[in-house]
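Student:
There are 2 protein chains.
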Amino acid sequence: MSEKSKPASDFALSCPLPLSEYPTVQLAHGGGGRLSQQLVEKIFLGAYGNPVLEQLHDGAILQTGGGRLAFSTDSFVVRPLFFPGGNIGSLAVHGTVNDIAMCGAKPLAISAGFILEEGFAMDQLWRIAESMREAAAEAGVEVVTGDTKVVDRGKGDGVYINTTGIGWIPDGIDISPTRAQVGDQVLVSGELANHGIAIMSVREGLEFETAIETDSAALNGMVEAILAAGGSGVHVLRDPTRGGVASALNEIAGQANIGVLLEESRLPVDEQVRGACEILGFDPLYVANEGKCLAIVAPEVADAVLDAMRGDPLGRRAALIGTVVAEHAGRVYLRSLIGGTRIVDMLSGEQLPRIC
Amino acid sequence: MSEKSKPASDFALSCPLPLSEYPTVQLAHGGGGRLSQQLVEKIFLGAYGNPVLEQLHDGAILQTGGGRLAFSTDSFVVRPLFFPGGNIGSLAVHGTVNDIAMCGAKPLAISAGFILEEGFAMDQLWRIAESMREAAAEAGVEVVTGDTKVVDRGKGDGVYINTTGIGWIPDGIDISPTRAQVGDQVLVSGELANHGIAIMSVREGLEFETAIETDSAALNGMVEAILAAGGSGVHVLRDPTRGGVASALNEIAGQANIGVLLEESRLPVDEQVRGACEILGFDPLYVANEGKCLAIVAPEVADAVLDAMRGDPLGRRAALIGTVVAEHAGRVYLRSLIGGTRIVDMLSGEQLPRIC
Chain Z
438 MSEKSKPASD FALSCPLPLS EYPTVQLAHG GGGRLSQQLV EKIFLGAYGN
488 PVLEQLHDGA ILQTGGGRLA FSTDSFVVRP LFFPGGNIGS LAVHGTVNDI
538 AMCGAKPLAI SAGFILEEGF AMDQLWRIAE SMREAAAEAG VEVVTGDTKV
588 VDRGKGDGVY INTTGIGWIP DGIDISPTRA QVGDQVLVSG ELANHGIAIM
638 SVREGLEFET AIETDSAALN GMVEAILAAG GSGVHVLRDP TRGGVASALN
688 EIAGQANIGV LLEESRLPVD EQVRGACEIL GFDPLYVANE GKCLAIVAPE
738 VADAVLDAMR GDPLGRRAAL IGTVVAEHAG RVYLRSLIGG TRIVDMLSGE
788 QLPRIC
Chain R
438 MSEKSKPASD FALSCPLPLS EYPTVQLAHG GGGRLSQQLV EKIFLGAYGN
488 PVLEQLHDGA ILQTGGGRLA FSTDSFVVRP LFFPGGNIGS LAVHGTVNDI
538 AMCGAKPLAI SAGFILEEGF AMDQLWRIAE SMREAAAEAG VEVVTGDTKV
588 VDRGKGDGVY INTTGIGWIP DGIDISPTRA QVGDQVLVSG ELANHGIAIM
638 SVREGLEFET AIETDSAALN GMVEAILAAG GSGVHVLRDP TRGGVASALN
688 EIAGQANIGV LLEESRLPVD EQVRGACEIL GFDPLYVANE GKCLAIVAPE
738 VADAVLDAMR GDPLGRRAAL IGTVVAEHAG RVYLRSLIGG TRIVDMLSGE
788 QLPRIC
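Right, here's the structure in full:
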């Protein structure tokens, strides 16, 4: 562990990222797109990669004596802290509950680690903690352990929260991006882009007839219904957060080495959200969701899974949006409204910093 | 989850902290002393308390179908990021491995969540990740899941890391602060205050003949030896980090409603560390350790546990430092070198900000 024995130049030489290109961390390294992926692969997998971490799933799946345990962590740095329909506290609970659910697991418990900035208002912290209680109760999970650190004024931004969750995966359930196969149907549990647009509308001061609210919600109940309806025909589950549906599907296409063909006409987007996307110059396919679930399922269970989604209050606008195809392995394509097909690539720059 | 329906004043009114006293977060709320305790009890337990969280152990212990699972989280905001004998990365691995070990559990896996500041040097991030690999390998544990966020320049301090760990508690082991009982012996696995003084020496620019190094290390191997030697006679384990031995023993004394009598003559402190403490005005009992373990054990196993500690390379200077007594329930006392007894209270203000 002795740092002293190694001159700094040795470290720099062994650093596997092309330092000439990005010698420092960029905002886009946290955006969920190509640079995020590169950072994780080069630095973190480069330093301490192992077969479980390398799966780059929403959470790790650990085979233990007691069964299969899902384990997932997420830090929340969203700005502003309070936004229509939620705040950093409710988001932190939903985000980790959802990551556990996307492993096919039932959440068992979560932890909460706070990094507070000196001078942060105590009544705001209380509002956040109250929202966490409410969100956890709705999801049927408890915060069982925690940690609090305080950093000096000017070294934080009010509050950052890490939540980490664990959950058991029931027998017979096998959810993994690599299970996506040709012929599978791609479903989404509702309209796209609400979370990202709710945040950006506040930041940009956009006014609408009714405020656009985040879709932030716990999806573990819906996932139970999906698994009950589709059983082992449910191959992949993913919540399309940072980087949106486009990034999530690109990751899956890469890991499973399959193509995905989306139908633009089937993508559910609220009228108001679509309007805001146009004003702000965003494609809803790339905007973060915090209460939506992608499911890639065998064709014979697609109708049943779609019905299960629509039977849940959070999934009323669920839709079949595409198909897994053999062509264009590793890539995502979109058949547009006006005909013609275009590639839906991974985001390469920064779109929305600090969206979650 | 609708924030809109609740006026802000309602939240403020229901906030259980006396806002007139501390309307905002103070550095001391993160110092591990009385204010930290108050923040956790009033805000976090006030908002989402439950029987597991209320134990305020180093980690939660969850009774599951597969056995007892320990679950613990810690965020690291240490400044400077690199210090003699370690850095924020090795510290983050050791800290969480130790919290799991202090539950009597064998670490199964850890997560790593990074909050990076825009502009942070990529080669420093690589050094940190490399140290995490090394620390994890030494402890025999893997980082199996992670998360990366980037905040704008001026909203962080290079890098903050959250690690969360899980581990199984072997049958027959029952470690809990409430098990401390009159007649138990209080052991510490080595010299005090090295971590805090290593950090403060760098910050204050103190020069010594040889640099004072952090004691940061993974204690899970030593804990296995302690449990093998002491079995069910091992009642409490605790790593005395923020707030030092004094704060850890005060917490235990309060939870078990017993008194602790320490012998000043038996407290192991390095000469150089003692000198630095005098220069800086610190009492070594209150300074953070990151590679030391307190064990409170039945008198009949005390010798065996002490031998087990000393048999470990990290425990050569282990010592019996005190006794659990019936007097002064809830408090810690020290019999000083010159005779006479003084109270060792919980730290009330801020001593060492951002020590871990």
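In order, the protein sequences belong to chains Z and R. Residue numbers for the first sequence follow our numbering, so the first one is 438 and each next one is one higher. Residue numbers for the second sequence follow our numbering, so the first one is 438 and each next one is one higher. Every residue gets a Cβ at the ideal spot worked out from N, C-alpha and C, and that includes glycine.
Is residue 726 of chain R helix, strand or coil when you go by DSSP?
Tutor: Here residue 726 of chain R sits in coil by DSSP.
Student: Tell me which residue opens and which closes the alpha helix (DSSP H) that residue 476 of chain R is part of.
Tutor: 471-476 is the extent of the alpha helix (DSSP H) around residue 476 of chain R.
Student: Which residues in chain R have a C-beta closer than 8 Å to the C-beta of residue 613 of chain Z? List them in chain order.
Tutor: Within 8 Å Cβ-Cβ: nothing; residue 613 of chain Z doesn't reach chain R, min ~14 Å.
Student: Thinking C-alpha only, which one of R:617, R:601, R:499, R:576 is nearest residue 549 of chain Z?
Tutor: Looking at the Cα atoms, R:601 is the closest of the given residues.
Student: What does DSSP give as the partner residues of residue 700 of chain Z in its beta bridges?
Tutor: Paired residue(s): Z:772.
Student: Rounded to whole angstroms, what's the CA-CA distance from residue 572 of chain R to residue 580 of chain R? Just pull it up for me.
Tutor: Their backbone Cα atoms lie some 11 Å apart in a straight line.
Student: Out of curiosity, what's the CA-to-CA distance linking residue 533 of chain R and residue 527 of chain R?
Tutor: Approximately 10 Å, taken between the alpha carbons.
Student: Note the first and the last residue of the continuous beta strand (DSSP E) segment covering residue 632 of chain Z.
Tutor: That residue, residue 632 of chain Z, is in no beta strand (DSSP E); its alpha helix (DSSP H) goes 631-641.
Student: Look up residue 586 of chain Z in the DSSP assignment and give the residues it is bridged to.
Tutor: DSSP output for residue 586 of chain Z lists Z:552 as bridge partner(s).
Student: Quick one: does the C-beta of residue 692 of chain Z sit closer than 7 Å to a heavy atom of the ligand ZN?
Tutor: Of the ligands one can find in the structure shown there are none, so the ligand ZN has no counterpart to examine.
Student: Taking Cβ positions only, does residue 636 of chain Z come closer than 8 Å to chain R?
Tutor: With 8 Å as the cut-off, residue 636 of chain Z does not count as an interface residue toward chain R.
Student: Going by beta-carbon coordinates alone, are residue 604 of chain R and residue 545 of chain R separated by less than 8 Å?
Tutor: It is a contact, given that the beta carbons lie within the stated cut-off.
Student: Out of curiosity, what's the CA-to-CA distance linking residue 517 of chain Z and residue 497 of chain R?
Tutor: In a straight line, the C-alpha of residue 517 of chain Z is about 31 Å away from that of residue 497 of chain R.
Student: Could you name the residues of the region 721-733 of chain Z whose beta carbon sits closer than 9 Å to any beta carbon of chain R, in the order they occur along the chain?
Tutor: From the region 721-733 of chain Z, no residue has a Cβ closer than 9 Å to chain R.
Student: Going by the beta-carbon positions, is the gap between residue 578 of chain Z and residue 525 of chain Z smaller than 8 Å?
Tutor: Going by C-beta atoms, residue 578 of chain Z is not nearer than 8 Å to residue 525 of chain Z.
Student: Please list, in chain order, all residues of the same chain as residue 639 of chain R whose beta carbon is under 8 Å from its beta carbon, the five residues on each side excluded.
Tutor: For residue 639 of chain R, where only same-chain residues beyond five positions count, the Cβ hits under 8 Å are 517, 520, 521.
Student: Starting from the C-beta of residue 450 of chain R, find all residues in its chain whose C-beta is less than 6 Å away, skip the five residues before and the five after it, and write them out in chain order.
Tutor: Here the model assigns residue 450 of chain R a pLDDT of 49, short of 50, so the residue's position is not dependable, and the following value carries that caveat. Result list for residue 450 of chain R: empty, nothing under 6 Å.
Student: Could you tell me whether any Cβ in chain Z is nearer than 8 Å to the Cβ of residue 497 of chain R?
Tutor: With 8 Å as the cut-off, residue 497 of chain R counts as an interface residue toward chain Z.
Student: Mind checking the region 536-550 of chain R against chain Z and listing, in chain order, the residues whose C-beta falls within less than 8 Å of any C-beta there?
Tutor: Of all residues in the region 536-550 of chain R, 545, 546, 548, 549, 550 have a Cβ within less than 8 Å of some Cβ in chain Z.
Student: Mind the definition here: the region 629-645 of chain Z touches the region 709-726 of chain Z only if three or more C-beta pairs lie below 8 Å; say whether that holds.
Tutor: In short, these stretches touch, since the Cβ pair count reaches three.
Student: Looking at the secondary structure, which residues open and close the alpha helix (DSSP H) in which residue 657 of chain Z lies?
Tutor: That run of the alpha helix (DSSP H) goes 657-667.
Student: Spell out the partners DSSP gives residue 505 of chain Z in its beta bridges.
Tutor: Answer by DSSP bridge pairing, in chain order: Z:500, Z:606.
Student: In the DSSP output, which residue or residues are listed as bridge partners for residue 543 of chain Z?
Tutor: Answer by DSSP bridge pairing, in chain order: Z:605.
Student: Sort out for me which residues DSSP pairs residue 758 of chain R with in a bridge.
Tutor: According to DSSP, residue 758 of chain R bridges with nothing at all.
Student: Comparing alpha-carbon positions, which option in R:582, R:556, R:515 lies nearest residue 495 of chain Z?
Tutor: Of the candidates R:582, R:556, R:515, the one whose C-alpha sits nearest the C-alpha of residue 495 of chain Z is R:582.
Student: Against chain R, with Cβ distances strictly below 8 Å, would residue 484 of chain Z count as a contact?
Tutor: Yes, contact with chain R.
Student: Please compile the residues from chain Z whose C-beta is within a distance smaller than 8 Å of the C-beta of residue 490 of chain R.
Tutor: In chain order: 579, 580, 581, 582, 583.
Student: Within 10 Å of its beta-carbon, does residue 645 of chain Z have 16 or more other beta-carbons around it, so buried, or fewer, so exposed?
Tutor: So residue 645 of chain Z counts as exposed.
Student: Between residue 784 of chain Z and residue 725 of chain Z, is the Cβ-Cβ spacing less than 8 Å?
Tutor: No, the pair does not count as a contact, with Cβ atoms beyond the cut-off.
Student: Do residue 733 of chain R and residue 672 of chain R have their C-beta atoms closer together than 8 Å?
Tutor: Going by C-beta atoms, residue 733 of chain R is nearer than 8 Å to residue 672 of chain R.
Student: Could you compute how far the alpha carbon of residue 535 of chain R sits from the alpha carbon of residue 793 of chain Z?
Tutor: The straight-line gap from Cα to Cα measures roughly 30 Å.
Student: I'd like to know if residue 660 of chain Z contacts chain R, where contact means its C-beta is closer than 8 Å to some C-beta of that chain.
Tutor: Judged by the 8 Å Cβ criterion, residue 660 of chain Z is not in contact with chain R.
Student: Counting pairs of Cβ atoms below 8 Å between the region 552-560 of chain R and the region 460-477 of chain R, do you hit three or more?
Tutor: The answer is no - the region 460-477 of chain R does not touch the region 552-560 of chain R, with fewer than three Cβ pairs under 8 Å.
Student: For residue 588 of chain Z, I'd like the list of residues in its chain whose CB is within less than 8 Å of its CB, leaving aside the five on either flank, ordered along the chain.
Tutor: Excluding positions up to five away in sequence, the list reads 552, 553, 554, 555.
Student: When the distance is taken between beta carbons, is residue 515 of chain Z closer than 8 Å to residue 629 of chain Z?
Tutor: The answer is no: Cβ separation not under 8 Å.
Student: Residues in the region 686-703 of chain R with C-beta within 8 Å of chain Z's C-beta atoms, listed in sequence order?
Tutor: Under the 8 Å Cβ criterion, the region 686-703 of chain R contributes no residue.
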